[in-house]
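Structure first, then comments.
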């Protein structure tokens, strides 16, 4: 019988350098529970938080922050929260998708399955998405703390752990090619 998917404790954990971006016109460092949730969970998992900042819901501001991190050798993964809904100010997909060399449709599908269990059909109001720009993976999650918790606990904690089998994204990051399967 095949081994079920999961963490293989015999393998080495390779910490990633993660940047967290909160997209919001109203939140500040004290009220940003969603960005804090992602940063805290990633750090608790053993990853390094390179930077955590907040930008307004504006295509130029979002794109500039993400493009700067894509260009940095210090960032492996970018996690964004906010701006993925359908209000007129929600512009995260419009800002980030043009930066992708590849889109990861599977993230949206899996996120919506997880989200459906906690918020039901309200998950349809989310345009959560992910992709790759160069060697950097970017995951864009809704702005609610619950959505961030679901995305990290049920999807990202596993997919960003080099010990996850049958495979994880870590081996697709340039500095880990050949190190992680």
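Residue numbers (my numbering): 3 to 183.
Even glycine gets a Cβ: it sits at the ideal position worked out from N, Cα and C.
Secondary structure remark: continuous alpha helix (DSSP H) runs of at least 4 residues inside the stretch 55 to 119, in chain order: 61 to 73, 94 to 98. Under the 10 Å beta carbon count, residue 145 is surrounded by 16 or more other beta carbons and is classified as buried.
Here the alpha carbons of residue 76 and residue 158 stand approximately 19 Å from one another. About 6 Å separates the beta carbon of residue 93 from that of residue 59, a gap short enough to meet the 8 Å contact definition.
Annotation for residue 173: no alpha helix (DSSP H) segment contains it, and DSSP assigns it neither H nor E. Nearest to residue 153 by alpha-carbon distance, out of 134, 126, 123, 115, is 115.
Of the candidates 62, 173, 141, 88, 141 places its Cα closest to the Cα of residue 22. Listed in chain order, the non-local C-beta contacts of residue 55 below 7 Å within the same chain comprise 23, 67, local neighbours out to five positions each way being set aside. The DSSP-derived three-state label of residue 147 is helix. Excluding its 5 nearest sequence neighbours in each direction, residue 35 has C-beta neighbours in its own chain below 7 Å: 147, listed in chain order.
The distance from the Cβ of residue 49 to that of residue 20 is about 5 Å, consistent with a contact at the 8 Å cut-off. Under DSSP, residue 29 takes part in no beta bridge, so it has no partner.
When C-alpha distances from residue 70 are compared across 168, 110, 101, the shortest belongs to 101.
As computed with DSSP, residue 22 is found in a beta bridge with 54, 81.
In this structure, 118 is the residue among 118, 80, 178 with its C-alpha nearest to the C-alpha of residue 126.
Where residue 37 is concerned, there is no enclosing beta strand (DSSP E), although the alpha helix (DSSP H) around it starts and stops at 35 to 46. Going by C-alpha positions, residue 39 is about 13 Å away from residue 84.
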